[in-house]
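Step one of this worksheet: look at the structure below.
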Amino acid sequence: MINICKGTKDILPKDSYKWQIVRDNAEKIAKKYNLKEISTPVFESTDLFVRSDGDSSDIVTKEMYTFEDKGGRSITLKPEGTAGVVRSYIENGLGNEILPVKLFYITPCYRYEKPQAGRLREHHQFGCEIFGANSLASDIETLSIAIDFYRSFGIEPMVRLNFLGCDNCKANYKQILKDYVQPHLPQMCDDCHKRFETNPLRLLDCKSTVCQDILKDAPSISDNLCESCAHKFNEIKKMLTSLNINYTLDSRLVRGLDYYTDLVFEFCDSDPKGTKNALGGGGRYDKLVSELGGKPTPVIGFGIGIERLLGYLETKNIELKDDASVDIYVASNTEDENYVIRFVHSLRKKGFNVESDLLSRSLKSQFKYADKIGAKFVIVIGDDEINENKISIKNMQTGEQIKIWSNDVAEYLSQNVK
Ligand code: HAM
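End of the sequence shown = 454 in our numbering, gap-free, step of one.
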């Protein structure tokens, strides 16, 4: 037997309704905020991710699924949704007519990570990107979209916030951080030696406990912002408080991708003892569009891990309701199979959701099956019914059973199937 690849999951029929609910909720929220859906290919030129997601991020340096196609091109399965959306925005001139351009997507992502709880090699994200605005309103709108989405499942995550500042703030802080780290560098991991040279901010993201211990007392970026960046960050915090959005500051949050410019955030379990895995994350990236060849355009967005969200709901015992039951089951007990097939066909043609026996089972087994699939009504067709031109119909919730003219069945069902 050939087994599923490590770090991937089937979405089984018993769970597919949960994914439908995720899509429905995402679409409802997209409608509320006037986001338009975009879909980009699962694979792109490797260059796109190396240039956008950053050559010092773990995602690019260690986790990409990269291969050469038959034409000798280097291709990568998308590790995240943003880069492809930005490529498409530029390539299709989406910003040429009117700004802002507000987009959402639901996409698979591929990262060659060590599979563990909440960490898959194929995962899916609900993401959103808002192009063309750098304002308090666009920052807050982006966060509210994500929060509304979580709330649609009855959860209230904690938003972890940090502000990376403008170019000047960043350059200034990188030096402050390097000065702090320099004396500790010999004890730090090999990756941190590289980060020290190439992208010191990423030192803050190191997972090694030794490095984390050293960095826990590092000066924080938010204490070293210029006046204008500090003001901007304060306005965001004040607005979140006034909108009752729970947040906490995390001066070590730099995010796993290199393109972020100022505001960065992650959505986490509001219970400090709960999962450490982020339920989602994002931030502002005002330089990426121009770096990939487009007109300078500010952008802010987020990505929410769908498997992480569904796993989190399970740990909180929040059940999603599957209300996709069958309206009508047609049970038959007659040799006249053609009559039954035509009857079922006519009900479906009228728009009813109908199942019928496909295995020539006994009437008793058919009722058992109808009960199992949650049919609301069972119609019984036997030889007597065919001769009388009537059908028997049983309301499975009340147990009430009546006989009506076959011609009246559509009207009866229209009135009684809710
Ligand atoms: P990210 O933080 O790398 O950001 O991923 C977003 C979310 O995807 C994570 O918070 C997590 O919920 C989920 N996720 C990531 N990796 C895995 C994995 N291996 N297994 C399961 N779930 C995972 C981005 O991808 C950015 N593109 C978000 C963004 C959009 N920033 C701006 N716009």
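Built from N, CA and C at the ideal position, the CB exists for glycine as well.
Under the criterion of beta carbons closer than 8 Å, Thr-370 and Ile-422 qualify as touching, at roughly 6 Å. Counting of Cβ neighbours within 10 angstroms places Leu-221 among the exposed residues, the total staying below 16. With a cutoff of 8 Å on beta-carbon distance, Asp-83 and Ala-119 are scored as not near each other. When C-beta atoms of the stretch 156 to 163 are compared with those of the stretch 39 to 46, three or more pairs fall below 8 Å, so the two segments count as touching. Leaving aside the five residues that flank Ile-126 on each side, the residues in its chain whose CB is nearer than 7 Å to its CB run, in chain order, Val-325, Leu-328, Gly-329, Gly-330. Within 7 Å of the C-beta of Ala-182 there is not a single heavy atom belonging to the ligand HAM. A residue is called buried once 16 or more other Cβ atoms fall within 10 Å of its Cβ, and Thr-112 is buried on that count. Per DSSP, the unbroken beta strand (DSSP E) holding Cys-304 starts and ends at 299 to 304. In this structure, the beta-carbon distance from Cys-205 to Cys-265 falls below 8 Å. Inclusion of Gly-317 and Ile-336 in the CB contact set at 8 Å is not warranted, their separation being larger than that value.
Taking C-beta atoms under 8 Å as the contact rule, Val-366 and Val-380 qualify, at a distance of about 5 Å.
With distances taken between CA atoms, Met-432 lies nearest to Ile-409 out of Lys-64, Ile-409, Gln-451. In this structure, the ligand HAM has a non-hydrogen atom nearer than 7 Å to the beta-carbon of Gln-161. Under DSSP, Ser-81 forms a beta bridge with Ile-111. Counting C-beta pairs closer than 8 Å gives three or more between the stretch 92 to 112 and the stretch 65 to 81, which meets the contact rule.
Asn-282 sits away from Glu-343, with the two beta carbons spaced by 8 Å or more. Leu-139 sits in a strand when the DSSP states are folded into three classes.
Each of Phe-162, Val-96, Arg-231, Phe-269 was checked against the Cα of Lys-72, and the nearest Cα belongs to Phe-162. DSSP places Phe-189 in the coil class of the three-state scheme, outside both helix and strand. For Leu-251, same chain residues with a beta-carbon under 8 Å away, outside a window of 5 residues either side, are Val-217, Leu-239, Leu-240, Cys-242, Arg-288 in chain order.
Of the residues Glu-436, Pro-308, Ser-450, Ser-368, the one whose Cα lies closest to the Cα of Arg-384 is Ser-450.
A residue is called buried when at least 16 other Cβ atoms come within 10 angstroms of its Cβ; Thr-297 meets this threshold and is buried. Counting of Cβ neighbours within 10 angstroms places Met-37 among the exposed residues, the total staying below 16. Under DSSP, no beta-bridge partner is assigned to Gln-56. Separation of Thr-277 and Asp-175 (C-alpha to C-alpha, rounded to the nearest whole angstrom) is 14 Å.
Within 7 Å of the C-beta of Glu-177 there is not a single heavy atom belonging to the ligand HAM.
CA-CA distance, Asp-305 to Tyr-101, rounds to 29 Å. Counting of Cβ neighbours within 10 angstroms places Cys-262 among the exposed residues, the total staying below 16. In terms of Cβ geometry, Phe-167 and Leu-135 form a close pair [threshold 8 Å]. Of the heavy atoms belonging to the ligand HAM, at least one sits nearer than 7 Å to the Cβ of Thr-118.
Shortest gap from the CB of Glu-302 to any heavy atom of the ligand HAM: under 7 Å. In this structure, Ala-182 places its C-beta atom within 8 Å of the C-beta atom of Phe-338. Just so you know, the alpha carbons of Ala-314 and Val-58 end up roughly 18 Å apart.
Taking Leu-172 as the centre and dropping the five residues before and after it, the same chain places the C-beta of Lys-268, Glu-271, Ile-272, Met-275 closer than 8 Å to its C-beta, in chain order. About 5 Å separates the beta carbon of Ser-244 from that of Cys-225, a gap short enough to meet the 8 Å contact definition.
Comparing C-alpha distances from Gln-437 to each of Val-416, Val-453, Asn-425, Asp-420 shows the shortest one belongs to Val-416.
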